[in-house]
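Residue numbers (numbering that gives the first Met the number 0), protein chains in the order written: chain Z, 0 to 136; chain F, 0 to 136; chain H, 0 to 136; chain V, 0 to 136; chain L, 0 to 136; chain A, 0 to 136. Every residue gets a Cβ at the ideal spot worked out from N, C-alpha and C, and that includes glycine. Nothing here was measured: the structure is a model prediction, and the numbers come from that model. Down below is the structure, laid out as structure tokens.
Protein chains: 6
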Amino acid sequence: MPLVYVTRRMHFSAGHRLHAESLDEETNREIYGACNNPLGHGHNYDLEVTVVGEPDPVTGMVMDIKALKDLIQKEVIDPMDHKFLNVEVPFLARQVPTAENIVVAIWRVLQDKLSGVKLYRLKLYETERNIVEYYGA
Amino acid sequence: MPLVYVTRRMHFSAGHRLHAESLDEETNREIYGACNNPLGHGHNYDLEVTVVGEPDPVTGMVMDIKALKDLIQKEVIDPMDHKFLNVEVPFLARQVPTAENIVVAIWRVLQDKLSGVKLYRLKLYETERNIVEYYGA
Amino acid sequence: MPLVYVTRRMHFSAGHRLHAESLDEETNREIYGACNNPLGHGHNYDLEVTVVGEPDPVTGMVMDIKALKDLIQKEVIDPMDHKFLNVEVPFLARQVPTAENIVVAIWRVLQDKLSGVKLYRLKLYETERNIVEYYGA
Amino acid sequence: MPLVYVTRRMHFSAGHRLHAESLDEETNREIYGACNNPLGHGHNYDLEVTVVGEPDPVTGMVMDIKALKDLIQKEVIDPMDHKFLNVEVPFLARQVPTAENIVVAIWRVLQDKLSGVKLYRLKLYETERNIVEYYGA
Amino acid sequence: MPLVYVTRRMHFSAGHRLHAESLDEETNREIYGACNNPLGHGHNYDLEVTVVGEPDPVTGMVMDIKALKDLIQKEVIDPMDHKFLNVEVPFLARQVPTAENIVVAIWRVLQDKLSGVKLYRLKLYETERNIVEYYGA
Amino acid sequence: MPLVYVTRRMHFSAGHRLHAESLDEETNREIYGACNNPLGHGHNYDLEVTVVGEPDPVTGMVMDIKALKDLIQKEVIDPMDHKFLNVEVPFLARQVPTAENIVVAIWRVLQDKLSGVKLYRLKLYETERNIVEYYGA
Numbered sequence: 000m001p002l003v004y005v006t007r008r009m010h011f012s013a014g015h016r017l018h019a020e021s022l023d024e025e026t027n028r029e030i031y032g033a034c035n036n037p038l039g040h041g042h043n044y045d046l047e048v049t050v051v052g053e054p055d056p057v058t059g060m061v062m063d064i065k066a067l068k069d070l071i072q073k074e075v076i077d078p079m080d081h082k083f084l085n086v087e088v089p090f091l092a093r094q095v096p097t098a099e100n101i102v103v104a105i106w107r108v109l110q111d112k113l114s115g116v117k118l119y120r121l122k123l124y125e126t127e128r129n130i131v132e133y134y135g136a
Numbered sequence: 000m001p002l003v004y005v006t007r008r009m010h011f012s013a014g015h016r017l018h019a020e021s022l023d024e025e026t027n028r029e030i031y032g033a034c035n036n037p038l039g040h041g042h043n044y045d046l047e048v049t050v051v052g053e054p055d056p057v058t059g060m061v062m063d064i065k066a067l068k069d070l071i072q073k074e075v076i077d078p079m080d081h082k083f084l085n086v087e088v089p090f091l092a093r094q095v096p097t098a099e100n101i102v103v104a105i106w107r108v109l110q111d112k113l114s115g116v117k118l119y120r121l122k123l124y125e126t127e128r129n130i131v132e133y134y135g136a
Numbered sequence: 000m001p002l003v004y005v006t007r008r009m010h011f012s013a014g015h016r017l018h019a020e021s022l023d024e025e026t027n028r029e030i031y032g033a034c035n036n037p038l039g040h041g042h043n044y045d046l047e048v049t050v051v052g053e054p055d056p057v058t059g060m061v062m063d064i065k066a067l068k069d070l071i072q073k074e075v076i077d078p079m080d081h082k083f084l085n086v087e088v089p090f091l092a093r094q095v096p097t098a099e100n101i102v103v104a105i106w107r108v109l110q111d112k113l114s115g116v117k118l119y120r121l122k123l124y125e126t127e128r129n130i131v132e133y134y135g136a
Numbered sequence: 000m001p002l003v004y005v006t007r008r009m010h011f012s013a014g015h016r017l018h019a020e021s022l023d024e025e026t027n028r029e030i031y032g033a034c035n036n037p038l039g040h041g042h043n044y045d046l047e048v049t050v051v052g053e054p055d056p057v058t059g060m061v062m063d064i065k066a067l068k069d070l071i072q073k074e075v076i077d078p079m080d081h082k083f084l085n086v087e088v089p090f091l092a093r094q095v096p097t098a099e100n101i102v103v104a105i106w107r108v109l110q111d112k113l114s115g116v117k118l119y120r121l122k123l124y125e126t127e128r129n130i131v132e133y134y135g136a
Numbered sequence: 000m001p002l003v004y005v006t007r008r009m010h011f012s013a014g015h016r017l018h019a020e021s022l023d024e025e026t027n028r029e030i031y032g033a034c035n036n037p038l039g040h041g042h043n044y045d046l047e048v049t050v051v052g053e054p055d056p057v058t059g060m061v062m063d064i065k066a067l068k069d070l071i072q073k074e075v076i077d078p079m080d081h082k083f084l085n086v087e088v089p090f091l092a093r094q095v096p097t098a099e100n101i102v103v104a105i106w107r108v109l110q111d112k113l114s115g116v117k118l119y120r121l122k123l124y125e126t127e128r129n130i131v132e133y134y135g136a
Numbered sequence: 000m001p002l003v004y005v006t007r008r009m010h011f012s013a014g015h016r017l018h019a020e021s022l023d024e025e026t027n028r029e030i031y032g033a034c035n036n037p038l039g040h041g042h043n044y045d046l047e048v049t050v051v052g053e054p055d056p057v058t059g060m061v062m063d064i065k066a067l068k069d070l071i072q073k074e075v076i077d078p079m080d081h082k083f084l085n086v087e088v089p090f091l092a093r094q095v096p097t098a099e100n101i102v103v104a105i106w107r108v109l110q111d112k113l114s115g116v117k118l119y120r121l122k123l124y125e126t127e128r129n130i131v132e133y134y135g136a
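This is the structure:
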């Protein structure tokens with residue numbers, strides 16, 4: 000049976016500061032450079048969520064992509080869009096909001112909310128040139 | 000020996016209507032929403048065809064990408080471009096033209112027409128935000 | 000006083016057929032080629048709406064871009080998205096839905112609905128490679 | 000003599016909060032919505048700087064585009080990249096950092112620093128869908 | 000009567016070397032830097048050709064965009080694509096192939112070949128970040 | 000433990016000619032077509048370098064992406080940018096500079112220069128439509 004991968008691309012803008020609480024100020028500056036700016040900065044993030052499954056033989060769809068869009072909007076975009084990621088997003092609490100940590104956290108949010116398909120991949124563009132991907136643990 | 004993946008990106012525009020003949024009107028409207036509009040609508044599709052093989056030690060090419068382009072043009076783009084996908088494309092006959100069904104159908108068209116390389120992946124962008132991928136059954 | 004141009008980019012997908020009622024079948028085929036396909040085809044359209052005005056000295060905004068987005072959504076995108084442009088869009092009635100005619104028709108829809116700013120330019124991408132612009136009559 | 004317009008596109012990421020000091024909290028929330036979030040948010044900005052002049056008959060260049068790039072980097076990108084625009088950028092002091100105000104402020108920074116060419120246009124992408132342009136007062 | 004601007008975007012790849020014959024080697028190196036590399040280098044160029052006219056009241060078209068595409072292909076792309084611009088393109092002979100000189104030369108090629116519409120603008124992307132525009136002398 | 004893939008996208012422009020020394024002129028013309036033009040041509044290349052590893056539990060980073068960028072810049076971009084690939088790039092010596100050969104050669108350059116992470120994938124865009132990927136031998 001054919002497995003087809005379906006991807007929905009979403010967008011949000013947010014602020015963040017890269018700063019590890021367990022390290023001192025100087026070490027933070029050395030590690031994160033300009034991203035450690037105390038007042039923070041921000042990005043336009045693009046997030047691609049990919050699920051995998053067999054197309055339904057009647058509808059020809061792996062999943063209603065409108066439902067996928069609505070799920071990501073509710074669970075990920077609404078909590079993150081126009082927020083300061085260090086303190087305003089519950090599922091990022093107590094983590095440095097690097098792209099790596101963000102993508103792992105989004106995986107945890109989404110993985111139990113899908114039925115009939117499997118979450119396959121998350122791809123997060125922090126900028127057009129800095130990108131992370133995650134396929135689950 | 001190195002395996003290199005070679006991708007050619009192509010473009011076509013087409014109309015379609017998402018409607019399953021085996022379901023009644025109301026169910027179709029519920030499942031497909033605006034995509035069930037009786038008069039159809041359409042998209043600019045981008046199609047990425049990826050083949051894999053070892054570069055020839057003399058020519059340094061996995062496959063002549065001009066030949067790959069010409070093959071996709073003849074077998075896929077010419078039959079689909081500026082067509083109404085529900086009724087004018089023989090290899091889509093009797094299928095709902097969802098992105099999932101289209102990508103599986105294109106695989107069947109292309110898989111036996113390549114020699115010396117293996118068809119590895121198809122990626123179809125229905126819009127910039129709705130994307131499907133297929134790697135064969 | 001500074002004049003600043005503010006642009007909002009929007010997206011819709013639609014079907015159409017290029018066919019002039021006043022011309023016979025053969026002439027239509029000659030003029031429009033593949034775009035005259037009787038069953039139609041379709042596109043992902045991108046529309047850029049540009050207004051011009053002076054930034055308010057207190058708010059620093061020419062116009063609330065959220066209000067601009069909502070206006071375009073209601074007046075243009077909702078009536079056109081996932082529709083067959085030849086027969087389902089009131090403001091395109093009795094016109095060949097070429098990109099040129101579409102952009103002039105959208106201008107007529109929007110020009111009287113803006114207050115405090117002036118509609119300056121519409122830019123419509125039928126594909127990434129075919130684009131029209133209109134600045135009013 | 001031919002006039003040619005030369006554009007250099009640059010990139011920076013920054014944080015900001017839309018909030019007018021002269022208005023109360025509630026009015027700020029009404030006017031700016033999510034952009035008024037007290038902790039701010041941020042964007043990846045793209046800036047296009049266009050100058051105009053006659054190509055030098057010997058070199059064929061209106062201006063050394065490397066010099067244009069270096070000028071924008073020093074005067075605009077270095078002061079703004081990875082900064083919080085409300086308080087860390089001298090030429091934005093005491094202004095709400097809307098895209099409109101930013102583009103007018105960048106014009107003032109650049110207009111006296113060019114010789115042999117004229118600054119013609121600034122185009123600032125706050126996101127791919129929200130864009131402002133400025134041609135000077 | 001409405002004037003509508005119609006743009007066709009085209010693509011070509013070419014090699015070039017920035018080097019003014021009337022200047023000595025050292026001056027050339029100073030002026031052009033890495034672009035003066037004796038063996039040359041190259042680019043993927045994107046060219047946007049914009050014409051302006053009134054849409055025909057019957058066809059709704061300013062110009063058959065297929066005819067515009069074919070004209071640019073024949074007059075500009077075929078002579079330039081996969082060529083070394085310094086010596087293989089007749090209409091660039093005895094000129095330094097800067098983006099500025101190329102765009103003025105393409106204007107001269109196209110301006111007399113259009114009937115019923117006026118050539119309005121050429122926009123040449125040497126890279127995504129270095130762009131020139133020309134509106135005629 | 001989570002494995003996260005981190006990608007940095009870089010850019011360079013270069014000239015090349017596809018020509019195999021071991022084949023005669025006519026065979027070269029047949030195989031490479033326009034790409035065999037004796038004076039060469041060129042491209043704007045985009046290179047995506049992907050590494051994989053576990054995010055550090057303290058810093059939340061797989062690898063400092065600034066360090067990854069600097070490494071690619073020094074080892075790959077500086078030797079290739081604005082060069083003629085057939086003769087000016089030591090790690091491409093005695094190879095036909097096809098996209099396939101280039102991507103394998105870049106892999107050899109980078110694979111031993113990374114510590115703490117593993118080189119996972121290289122993706123090279125010769126144009127927006129011709130793309131190769133390599134995952135190592």
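Contact check, Asp111(V) vs Ala13(V) under 8 angstroms by CB: the rounded distance? In the fourth sequence, residue 111(V) corresponds to position 112, counting from 1. In the fourth sequence, residue 13(V) corresponds to position 14, counting from 1. No, Asp111(V) and Ala13(V) are not in contact; Cβ-Cβ is about 23 angstroms, not under 8 angstroms.
Check the Cβ-Cβ distances between Thr58(F) and every residue of chain Z, and say whether any is below 8 angstroms. Reading the second sequence from its first residue, position 59 is the one you call residue 58(F). Not one chain Z Cβ lies under 8 angstroms of Thr58(F).
Who are the neighbours of Leu70(V) on chain H, taking C-beta pairs under 7 angstroms? Here residue 70(V) refers to the residue found at position 71 when the fourth sequence is read from its first residue. Those within 7 angstroms of Leu70(V) in chain H number zero; the least Cβ separation is about 22 angstroms.
Min CB distance Lys65(A) to chain Z below 8 angstroms: One-based indexing of the sixth sequence puts residue 65(A) at position 66. So yes, Lys65(A) belongs to the interface.
Just the C-alpha distance for Gln94(H) and Leu17(H), rounded to the nearest angstrom, thanks. Within the third sequence, residue 94(H) is the residue found at index 95, counting from 1. Within the third sequence, residue 17(H) is the residue found at index 18, counting from 1. C-alpha separation (whole angstroms): 10 angstroms.
So, with DSSP's three-state summary, where would you put Thr58(F)? Taking the first residue of the second sequence as position 1, residue 58(F) is located at position 59. Correct three-state label for Thr58(F): coil.
At a CB-CB cut-off below 9 angstroms, which residues of chain H make contact with Val102(L)? The sequence position of residue 102(L) within the fifth sequence is 103, counting from 1. By Cβ distance, chain H contributes nothing, its closest Cβ being about 18 angstroms from Val102(L), past 9 angstroms.
Examine chain H for any beta-carbon lying closer than 8 angstroms to the beta-carbon of Arg93(V), and answer yes or no. Here residue 93(V) refers to the residue found at position 94 of the fourth sequence. No - not a single Cβ of chain H is within 8 angstroms of the one on Arg93(V).
Going by DSSP, which residues form a beta bridge with Thr49(H)? Position 50 of the third sequence, counted from the first residue, corresponds to residue 49(H). DSSP links Thr49(H) through a beta bridge to Thr6(H), Arg120(H).
What are the residues in the region 0–16 of chain V lying within 9 angstroms of chain L by C-beta distance? Met0, Pro1, Leu2, Val3, Tyr4, Val5, Thr6, Arg7, Arg8, Met9, His10
Find the residues of chain V that neighbour Asp80(Z), judging by a C-beta separation of less than 9 angstroms, and give them in chain order. Within the first sequence, residue 80(Z) is the residue found at index 81, counting from 1. Residues of chain V passing the Cβ test: Ala33, His40.
If we count Cβ pairs, one from each stretch, closer than 8 angstroms, do we get three or more for the region 58–69 of chain V versus the region 26–39 of chain H? Look at the beta carbons and you see the region 58–69 of chain V not touching the region 26–39 of chain H: under three pairs across the two are nearer than 8 angstroms.
Other residues of its chain near Val51(A): CB distance less than 6 angstroms, five sequence neighbours each side excluded: To locate residue 51(A), count along the sixth sequence from 1; it is residue 52. Cβ within range, chain order: Leu2, Tyr4, Lys117, Tyr119.
Do Val75(L) and Val103(L) have their CB atoms nearer than 8 angstroms? For the purposes of this step, residue 75(L) is taken as residue 76 along the fifth sequence, with counting starting at 1. For the purposes of this step, residue 103(L) is taken as residue 104 along the fifth sequence, with counting starting at 1. Going by C-beta atoms, Val75(L) is not nearer than 8 angstroms to Val103(L).
What are the residues of the region 113–130 of chain L that lie near chain V, defined by any Cβ-Cβ distance shorter than 7 angstroms? Glu127, Arg128, Asn129, Ile130
How about Asp45(F) and Tyr124(F): are their beta carbons less than 8 angstroms apart? Position 46 of the second sequence holds residue 45(F). Position 125 of the second sequence holds residue 124(F). Yes; because the gap between Cβ atoms is below 8 angstroms, this pair is in contact.
Which word fits Pro89(V), buried or exposed, when buried means at least 16 other C-beta atoms lie within 10 angstroms of its C-beta? Within the fourth sequence, numbered from 1, the residue matching residue 89(V) stands at position 90. Pro89(V) is exposed by the Cβ-count criterion.
Pro89(L): contacting residues in chain D (beta-carbon distance under 7 angstroms): Absent from the structure is chain D; the protein chains it does hold are Z, F, H, V, L and A.
At least one CB of chain Z closer than 8 angstroms to the CB of Val75(A): is that the case? Start at 1 with the first residue of the sixth sequence, and residue 75(A) comes out as number 76. Cβ-Cβ to chain Z under 8 angstroms: no for Val75(A).
Which residue's Cα is closest to the Cα of Thr126(L): Thr6(L), Phe11(L), Glu87(L)? Along the fifth sequence, one-based indexing puts residue 126(L) at 127. Residue Phe11(L) is the option with its Cα nearest to Thr126(L).
Counting only beta-carbon separations shorter than 8 angstroms, does Ile30(L) have a partner in chain V? To locate residue 30(L), count along the fifth sequence from 1; it is residue 31. It does; some Cβ of chain V falls within 8 angstroms.
So Thr97(Z) contacts chain A; which residues on that side make the cut at Cβ distance below 8 angstroms? For this step, residue 97(Z) is matched to residue 98 along the first sequence. Under the 8 angstroms cutoff, chain A gives Pro54, Thr58, Gly59, Met60.
Is DSSP giving Ala92(H) helix, strand or coil here? For the purposes of this step, residue 92(H) is identified with residue 93 of the third sequence, where counting begins at 1. Reduced to three states, the DSSP call for Ala92(H) is coil.
Along chain F, which residues have their Cβ under 7 angstroms away from the Cβ of Asn27(H)? Stepping through the third sequence from its first residue, residue 27(H) is reached at position 28. Here the premise fails: no neighbours, minimum Cβ distance about 14 angstroms.
When the Cα of Ala33(A) is compared with those of Phe83(L), Val48(L), Arg7(L), which residue comes out closest? Position 34 of the sixth sequence holds residue 33(A). Looking at the Cα atoms, Phe83(L) is the closest of the given residues.
Is the separation between the beta-carbon of Val131(A) and that of Ala92(A) shorter than 8 angstroms? The count along the sixth sequence starts at 1 and reaches residue 131(A) at position 132. The count along the sixth sequence starts at 1 and reaches residue 92(A) at position 93. No, these two residues do not count as a Cβ contact at 8 angstroms.
Given Ser21(A) as reference, the closest of Ala19(F), Gly39(F), Met0(F), Val57(F) once Cα atoms are compared: As a working note, residue 21(A) is residue 22 in the sixth sequence. Closest in alpha carbon position to Ser21(A), among Ala19(F), Gly39(F), Met0(F), Val57(F), is Val57(F).
Beta-ladder partner(s) of Asn129(F), from DSSP: By one-based count along the second sequence, residue 129(F) stands at place 130. Bridge partners of Asn129(F): Arg7(Z).
Based on DSSP bridge pairs, tell me the residues matched to His18(A). By 1-based counting over the sixth sequence, the position of residue 18(A) is 19. Bridge partners of His18(A): none, in fact.
Taking the C-alpha atoms as reference points, what is the distance between Thr49(F) and Arg7(Z)? Numbered from its first residue, the second sequence carries residue 49(F) at position 50. Numbered from its first residue, the first sequence carries residue 7(Z) at position 8. Cα to Cα, the separation comes out at about 21 angstroms.
Going along the chain, which residues of its own chain have a beta-carbon closer than 7 angstroms to the beta-carbon of Leu113(H), five neighbours each way excluded? Locating residue 113(H) in the third sequence gives position 114, counting from the first residue. Excluding sequence neighbours, Leu113(H) sits near Val50.
7 angstroms CB neighbourhood of Met62(V) in its chain, flanking five on each side removed: Start at 1 with the first residue of the fourth sequence, and residue 62(V) comes out as number 63. Cβ neighbours of Met62(V) beyond the five flanking positions: Val5, Val50, Gly52, Gly115, Val116.
Closest to Gly59(F) by C-alpha separation, out of Asp23(A), Ala19(A), His40(A), Asn85(A), would be which residue? Working through the second sequence from its first residue, we reach residue 59(F) at position 60. The alpha carbon of Gly59(F) has as its nearest neighbour, out of Asp23(A), Ala19(A), His40(A), Asn85(A), the alpha carbon of Ala19(A).
Considering just the uninterrupted stretch of the alpha helix (DSSP H) at Tyr134(L), what are its terminal residues? Taking the fifth sequence and counting its residues from 1, the one referred to as residue 134(L) is at position 135. No alpha helix (DSSP H) contains Tyr134(L), which DSSP labels as neither H nor E.
Just checking: is the beta-carbon of Val86(V) within a distance shorter than 8 angstroms of some beta-carbon in chain Z? As a first step, residue 86(V) is located in the fourth sequence; it is residue number 87 there, counting from the start. So, interface residue.
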